[in-house]
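Q: These protein sequence lines map, in sequence, to chains A and B.
Every position in the first sequence, counted from 1, becomes a number in our numbering once 12 is added.
Every position in the second sequence, counted from 1, becomes a number in our numbering once 779 is added.
Every residue, glycine too, gets a C-beta built ideally from N, C-alpha and C.
As the structure is a prediction and not an experimental result, all values here were calculated from the model.
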Amino acid sequence: MIDLSVPQRQSPLAIVFLGLRILRSLGIAQIVVVVLFILRAPFNGALSVLPFVIIVFFSGFSALAWWRYTFQVLDDELVVTKGILRVVCLNVPIERIQSIVIEQQLLHRLTGLVKVAVDTAGSNEAEFSIDAVTRPVAEELQRRAVTAVPIPVKIGGALPPPVLAPDRVVFTHDGRRLLAMALTMWPLAGLLVLGPLLAFGSDLFNQLPDVGLGDQPFRWWWVPVGIAGFIVFSIVLNITRVFLQDWELSLRASATSLQRTSGLLSKTSTASNVNRIQMVTSTQNPLQRRAGLRGIELATVGQRNLSVDGCDDAQFTTVLSLAAVTPIGEMFLSRRIHPAAIWLAVRNTAVACALLTGPLFWLVGWWSLLVLSSIPLVWATTRLNVSNFRWGLGQQLASASHVFSWRTEQALLHKTNAITVTQSIFERRRGLGRVQLSTASGVISIGMIPIEEAHAARDTILHAVETDTRPWI
Amino acid sequence: MTGLFSNEPIPTDQLPQLADNAFVPVDPRYLRVSLVGLALTAAVITTGTVALATQSNWSLLVLLTGSAALVLLLLVAVLRVFEIRRLAYQLREHDLSLRSGVISHRVESLPFSRVQHVNIHRGPIERSLGLATLQVSTAGPNISIPGLSRADAEQIKLLVTERADAVVDNDPSLPMPRRPPTG
């Protein structure tokens, strides 16, 4: 048992990470100036030791920063003390910690250490991170945070004390499941990995070897071969990415928390208290539907959501029950949206096309009329959406939609932070409206419904918020 | 009362409803605050247009662009007049609602039990007219009520924080302060 009430210091390896962080905080331009100064400046005589002085000073500064950085848990507060000249003491109540992410990058793996990122709801980024500690210390910190019970709202009497169950592994994805996961993603999803390369622009293409295609006349079969090549390349990239990121993807659960762990080179473990889950979203593209798999995202307050891809139906139901959300059935989702949504989408598209076609005609001539082809496309997709969209309101607000992919969204009513009813001119003329439930992490919006239903939904949700005593965060 | 949580279904027509006629409009002087900002923008556009026109030998393109921007600003000003007429809030025992929007009507409701913090903002023009903007924040979206008199803003701030505390302290029966006066 690790005693976190005693001030803990990070592993000395943290000096490297702290050094890198200080370097990053200087800014790219400043770093470039310093490096160029060290490399290019004509140092003579006594000045020749200047680069060494800078390096020694920087290393000493990083080491001092490591020495001054301590953390401990005192009276259910995580207390972090850091800073050399300006000492900062950060007190975070344990029950306010939204998630603790344990990450193991390559350098960590070589040394058997982990990085801990602590996130509260106070900002969009992790509040602070502990760069290098041993795994038992990190896991003890994570255990303390996710088992901390938030103060419940006490309308109508006391709540029974929570029952703490031992951790159990809910499921682990094996290599076969990961392969199925990678193969059922959108074929070009893997190319996203190459996104950062776009920053190099045309310089990158100039570096590619010239295969002499430019000298030959255009052949029609280049197009399908090129597209097929791109898709195969993307699938290979996708498989590599999935195996690196999601290797041994497992979900562990206790009565109060969920923990997701995965990674091959860099192992990441994200844990969150069940009460902090605000919304549950599931997505399924046609390939995933064929394979019986789906992706689930549990939106938690703070920086990191718990997302688990490649779940089969049984796993989906288990995850929902662990998140205290009941699976939505066909009977519950009986309400539909008004078909006027089709006319609105077509009208808006037609207006946009009319405005676009004129200027485009001057640029590309009659080809500009191709823009008009989007009108039947929008008509068909909106029609499909209107006929497939279902929503329901019980102890939760839930919706299910399907155009190309299947998507469900669910939020328990007592998670509501604000509820909005809006009516555009189009909706007002037809007695329709939109109800939008905002949680601390995500929004469910149902539009094109009778305004009376929207008002009734708002009153029901506000009533549930005031009477439901379960903790919402 | 056993003290345990229960959640029996309630017909929606028996639920307390947000009455449309119980909304309190914001102070009409807020229109002046809003129009002063637009007037300043108009002054900048006019000065810029005249400066550019003199440089370009009173080019028709510059004059047309400047005039179009001023006409657009005028339309925004007209829209703002209607917007502020519709801008109103409603305080109930357990929640705060804000009605806004002209083209798209919008009613946003925020339960007191979800309020994280409340603050009052007073810009220089608002200060000169004795007005204030109340900002109510939750862990999710926030509500901003402009055009309140300073006393009303302080009182609503007190009410919201007291009501939020009352929910946590198991005292939902806290008396409501008087409804803020209109105008």
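(1) Within 8 Å (strictly less), CB to CB, does I114/A reach chain B?
(2) In chain order, what residues of the same chain lie with their CB nearer than 7 Å to the CB of P890/B, ignoring the 5 residues before and after it?
(3) Does the distance from the C-beta atom of L372/A to that of F438/A stay below 8 Å?
(4) Could you please tell me which residues of the region 300 to 327 of chain A, in chain order, have their CB closer than 9 Å to any CB of chain B?
(5) Compare the C-beta of D143/A with all C-beta atoms of chain B and state if any pair is closer than 8 Å.
(6) Note down the Cα distance separating L910/B from I899/B, rounded to an integer number of angstroms.
(7) Count the other CB atoms, across all protein chains shown, that sit within 10 Å of the CB of R942/B; report buried if there are 16 or more and exposed otherwise.
(8) Please confirm if Q22/A has its CB atom under 8 Å from at least one CB of chain B.
(9) So, do the region 445 to 452 of chain A and the region 461 to 469 of chain A have three or more beta carbon pairs nearer to each other than 8 Å?
(10) Closer than 9 Å by beta-carbon distance: list the chain B residues that pair up with V477/A, in chain order.
(11) Here's a check: name, in chain order, each residue in its chain whose Cβ is nearer than 6 Å to the Cβ of Q869/B, leaving out the five neighbours to either side.
(12) What's the gap between the Cα of S380/A and the Cα of A822/B?
(13) Which of helix, strand or coil does DSSP assign to T393/A?
(14) Under a CB-based cut-off of 8 Å, is S923/B close to chain A?
(15) Alpha carbons only, please: which of I458/A, W484/A and S413/A is nearest the one belonging to T428/A?
(16) Check the Cβ of A918/B against every Cβ in chain A and list those closer than 7 Å, keeping chain order.
(17) Of the residues that make up the region 829 to 849 of chain B, which ones have a beta carbon closer than 9 Å to any beta carbon in chain A?
(18) May I ask you to list the residues that DSSP assigns as paired with Q42/A?
(19) What is the DSSP secondary structure of N400/A, counted as helix, strand or coil?
(20) Are at least three pairs of beta-carbons, each pair with one atom in the region 278 to 293 of chain A and one in the region 391 to 406 of chain A, less than 8 Å apart?
(21) When the distance is taken between beta carbons, is L190/A closer than 8 Å to F255/A?
(22) For a test of the three-state rule: what should DSSP assign to G377/A, helix, strand or coil?
(23) Could you pull out every residue in the same chain whose Cβ sits closer than 7 Å to the Cβ of E260/A, ignoring the five residues on either side in sequence?
(24) What residues in its chain sit with their C-beta under 7 Å from that of F140/A, if we drop five residues either side in the sequence?
(25) If I follow the unbroken beta strand (DSSP E) through D321/A, where does it start and stop?
(26) Could you check what DSSP says for A468/A in three-state terms: helix, strand or coil?
(27) Do you know how far the Cα of I935/B is from the Cα of P956/B?
(28) What's the gap between the Cα of A423/A and the Cα of V337/A?
(29) Do you know how far the Cα of L90/A is from the Cα of Q154/A?
(30) Could you check what DSSP says for P24/A in three-state terms: helix, strand or coil?
(31) Is there a Cβ of chain B sitting closer than 8 Å to that of R440/A, yes or no?
(32) Count the other CB atoms within 10 Å of the CB of A267/A; is the residue buried (16 or more) or exposed (fewer)?
(33) On a Cα-Cα basis, can you pick out the residue from A392/A, L263/A and L38/A that is closest to L334/A?
(34) Could you tell me the alpha carbon to alpha carbon distance between Q407/A and L206/A, rounded to whole angstroms?
(35) Using 8 Å as the limit for Cβ to Cβ distance, is A468/A near chain B?
(36) Between Q869/B and chain A, is there a C-beta pair that is closer than 8 Å?
A: To lay it out plainly:
(1) no
(2) So the qualifying residues of the chain are H873 and D874.
(3) no
(4) V313
(5) no
(6) Rounded to whole angstroms, the gap between the alpha carbons of L910/B and I899/B is 10 Å.
(7) For R942/B, the number of other beta carbons within 10 angstroms of its own is at least 16, and it is reported as buried.
(8) no
(9) Output reads yes: the region 461 to 469 of chain A touches the region 445 to 452 of chain A.
(10) H873, D874, P890, S892 and R893
(11) A801, F802 and S876
(12) 40 Å
(13) Residue state, collapsed to three classes: helix.
(14) Among the residues facing chain A, S923/B is not included, as its CB has no counterpart in that chain under 8 Å away.
(15) W484/A
(16) A133, V313, N429, A452 and I485
(17) none
(18) Note: Q42/A sits in no beta bridge, so no partner.
(19) helix
(20) no
(21) yes
(22) helix
(23) T184 and S274
(24) V92, L102 and V130
(25) L318 to C323
(26) In this structure, A468/A counts as helix in the three-state DSSP scheme.
(27) Summary for P956/B: the model assigns pLDDT 43, below 50, so the residue's position carries little reliability; its value from the coordinates is reported in the next sentence. Approximately 9 Å between the Cα atoms of the pair.
(28) 8 Å
(29) About 11 Å.
(30) coil
(31) Chain B contact via Cβ: present.
(32) exposed
(33) L263/A
(34) 43 Å
(35) yes
(36) Any Cβ of chain A closer than 8 Å to the Cβ of Q869/B would place that residue at the interface, and such an atom is absent.
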